[in-house]
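Take a look at the structure set out below.
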Amino acid sequence: DPQTLEVSYSPIYYIWLIGNLLPVLAVGVRRMHDVGKSGWFILIPIYNIVLLATDSQPGTNDHGPAVK
Numbered sequence: 300d301p302q303t304l305e306v307s308y309s310p311i312y313y314i315w316l317i318g319n320l321l322p323v324l325a326v327g328v329r330r331m332h333d334v335g336k337s338g339w340f341i342l343i344p345i346y347n348i349v350l351l352a353t354d355s356q357p358g359t360n361d362h363g364p365a366v367k
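Residues 300 to 367, numbered by the working numbering, are exactly what the sequence shown covers, in order.
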């Protein structure tokens, strides 16, 4: 019924969502490591936006050499 606002998602959507969630989290954790923070900071919504915009540390860190 087009009059209702109920949304029904197909199983394909959930497969796509799970398939994209892991790579997005992996990139976020890698970015947290670039700025010298633990990967767990990706779970703090407002703070991680600031960290994602922060310049990475110069030189090497615990996770490898800097790409700059």
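Even for Gly, the Cβ is constructed at its ideal location relative to N, Cα and C.
Residue burial annotation: residue 361 is exposed, with fewer than 16 other C-beta atoms found within 10 angstroms of its C-beta. Beyond the five residues adjoining it in sequence on each side, residue 346 comes within less than 7 Å, by CB distance, of 340 in the same chain, given in chain order. Closest option to residue 353, judged by alpha-carbon separation, among 330, 363, 343, 364: 330. Counting along the chain, residue 318 sits inside the alpha helix (DSSP H) bounded by residues 310–333.
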